[in-house]
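Peer 1: Residue numbers (the working numbering), protein chains in the order written: chain A, 62 to 270; chain B, 62 to 270.
Just so you know, even glycine gets a beta-carbon here, dropped at the ideal spot from N, CA and C.
Just so we're clear, the structure is a prediction, and the values are computed from it rather than from any experiment.
Quick one: structure below, then a few questions.
In structure tokens form, the structure reads like this:
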């Protein structure tokens, strides 16, 4: 039977507080056993209809890495062009991906056409499959942090190009591009807050109906 | 400084294993302090550009509850009509929502038009805002379980109708309808597996590039 102590609960809250989106990685490798341990959390994650629609491409070869980095650089240049003046300067000063250094990189997809789960729970909300993939990534993010590892989720990418360049099946859609490695710094404060881009909201938006 | 022990890590893995999608709730209420404690995890969650796009409607009043339940019943009837023979019988035997009994219910939305975060990280993947909401829900799901509480994520709903019936602002999209309460049973096995609908995959789908 399960039971979780106050100590465990305090640790879990600490873990949630210490989890960061990491973009500054040391370049030293991550032991293969640790990589596999992180990936194993996917198999504990919830998924709509038990469809387990997550599909993982481990991006290792130099040409694949180069294509992903070029994709980020182009998308980042386009995003920068959407800002003006001081905000553009601030955007340009942010490091939004650790793709040049992170020793491990994963493109995580959703198989929109999986037969697993027989479509249960997806008829009116097919996006539930993608949301299941996000939940699994969130679990891995937490587990990695307990090992001192950092994860950075890069979303400044053209997802159709990622699918093309990694040559994935037609029914797969990109959910996340993840960098995994040892973080350079460890901080309670999100980097976007340190750099003056945005701060945590003072309160949660809740209304009653 | 953070440091997580082997004991803590083992507890975290147990927590991930024990987390279930709960559809069978006891009807007794959840103390308000516990509800607030669960909701507080949202403020620890990652979000693209620190946009914190989650918006929560606590569904309490009888008319709102009735509209949500009717929405589920209609969507569930439509989903059932998509199955034939034995699969239809099996689908009909599943309890896919605890909306009739769960003492606490939340509709969780994404504010697609929030100015917070100034659009960072969403230019090429605007769905990142919704994914941020999913990550926050995943944290709450884990925290609730440490308290013995269960969460059930209902996706058999017409999301546009939920938005209309709860009268939410135009830019909000439904991400999840959550039931929260004390579970009737506690099990390591997903209910869909017990009922013969689907089983966990034997292995994770990983390919190299």
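#1: Is there at least one non-hydrogen atom of the ligand FAD closer than 7 Å to the beta-carbon of residue 104/A?
#2: Rounded to whole angstroms, how far is the Cβ of residue 191/A from the Cβ of residue 236/A, which I believe are closer than 8 Å?
#3: Just by C-beta distance, which residues in the stretch 133-147 of chain B are closer than 8 Å to chain A?
#4: So that I know if they touch, is there some Cβ in chain B lying closer than 8 Å to that of residue 216/A?
#5: Taking residue 172/A as part of the beta strand (DSSP E), name the residues at either end of that continuous run.
#6: Can you give the Cα-Cα distance for residue 112/B and residue 243/B, rounded to whole angstroms?
#7: Using a Cβ cut-off of 8 Å (strictly closer), state whether residue 275/B contacts chain A.
#8: Helix, strand or coil for residue 142/B, going by three-state DSSP, please let me know.
#9: Does the Cβ of residue 143/A have 16 or more other Cβ atoms within 10 Å, making it buried, or fewer, making it exposed?
#10: So what does residue 239/B bridge to, in DSSP terms?
#11: Between which two residues does the alpha helix (DSSP H) carrying residue 254/B extend?
#12: Which same chain residues, not among the five before or five after residue 149/B, have their C-beta less than 7 Å away from its C-beta?
#13: Looking only at DSSP bridge pairs, what is residue 86/A linked to?
#14: Between the C-alpha atoms of residue 261/A and residue 255/A, what's the straight-line distance to the nearest angstrom?
#15: Can you pull the chain A residues whose beta carbon is under 8 Å from the beta carbon of residue 260/B, in chain order?
#16: Give the C-beta separation of residue 239/B and residue 166/B to the nearest angstrom, bearing in mind that I take them to be a contact with Cβ-Cβ under 8 Å.
#17: Express the C-alpha separation of residue 108/A and residue 202/B in angstroms, rounding to a whole number.
#18: Out of curiosity, what's the CA-to-CA distance linking residue 189/B and residue 160/A?
#19: With distances taken from CA atoms, which of 65/B, 218/B, 116/B and 132/B is nearest residue 186/A?
#20: Which same chain residues end up closer than 7 Å to residue 229/A when comparing Cβ atoms and leaving out the 5 residues on each side of it in sequence?
#21: Can you tell me which of 204/B, 195/B, 104/B and 100/B puts its alpha carbon nearest to the alpha carbon of residue 216/B?
#22: From the beta carbon of residue 220/A, is the nearest beta carbon of chain B less than 8 Å away?
#23: Do residue 208/A and residue 105/B have their beta-carbon atoms positioned less than 8 Å apart in this structure?
#24: Residue 164/A to residue 156/A, Cα distance in whole Å?
#25: Taking residue 93/A as part of the alpha helix (DSSP H), name the residues at either end of that continuous run.
#26: Is any beta-carbon of chain B found at less than 8 Å from that of residue 156/A?
#27: Do we get a CB-CB distance below 8 Å when we pair residue 239/B with the residues of chain A?
#28: If distances are taken between C-alpha atoms only, which option among 257/B, 71/B, 83/B and 110/B comes closest to residue 81/A?
#29: I believe residue 97/A touches residue 246/A by the beta-carbon criterion, under 8 Å. Please report the beta-carbon distance rounded to the nearest angstrom.
#30: Can you give me the C-alpha to C-alpha distance between residue 89/A and residue 183/B, rounded to a whole angstrom?
#31: What does residue 182/B touch in chain A if you count any residue whose Cβ is under 9 Å from its own?
#32: Mind checking which residues open and close the alpha helix (DSSP H) that includes residue 68/A?
#33: Thinking C-alpha only, which one of 101/A, 73/A and 91/A is nearest residue 266/B?
#34: Would you call residue 72/A buried or exposed, if buried means 16 or more other Cβ atoms sit within 10 Å of its Cβ?
#35: Pull up the CB-CB distance for residue 50/A and residue 227/B, whole angstroms please, since I reckon it's below 8 Å.
Peer 2: The relevant details are as follows:
#1: Looking at this structure, you won't find the ligand FAD or any other ligand, since it has none at all.
#2: 6 Å
#3: Result list: 136, 139, 140, 143 and 144.
#4: Cβ-Cβ to chain B under 8 Å: yes for residue 216/A.
#5: 165-172
#6: Linking residue 112/B to residue 243/B through their CA atoms gives a straight-line distance of about 32 Å.
#7: Since the displayed chain B opens at 62 and closes at 270, residue 275/B lies outside it and no answer follows.
#8: In the structure shown, residue 142/B falls within a coil segment according to DSSP collapsed to helix, strand and coil.
#9: exposed
#10: Among the bridge pairs identified by DSSP, residue 239/B is matched with 167/B and 214/B.
#11: For residue 254/B, the enclosing alpha helix (DSSP H) starts and ends at 252-255.
#12: 141
#13: 244/A
#14: 11 Å
#15: 111
#16: That pair is a contact at about 7 Å.
#17: 13 Å
#18: 18 Å
#19: With distances taken between Cα atoms, residue 186/A lies closest to 218/B.
#20: Here the set comprises 118 and 170.
#21: With distances taken between CA atoms, residue 216/B lies nearest to 195/B out of 204/B, 195/B, 104/B and 100/B.
#22: yes
#23: no
#24: Looking at the backbone, the Cα of residue 164/A and that of residue 156/A are separated by about 17 Å.
#25: 93-101
#26: With respect to chain B, the C-beta atom of residue 156/A has no partner C-beta closer than 8 Å.
#27: So, not an interface residue.
#28: 110/B
#29: Contact flag wrong, Cβ pair sits at about 26 Å.
#30: 30 Å
#31: Result: 140, 157, 214, 215, 216 and 217.
#32: 67-79
#33: 101/A
#34: Label assigned to residue 72/A: buried.
#35: Any answer about residue 50/A is impossible in this case: the structure gives chain A only from 62 up to 270.
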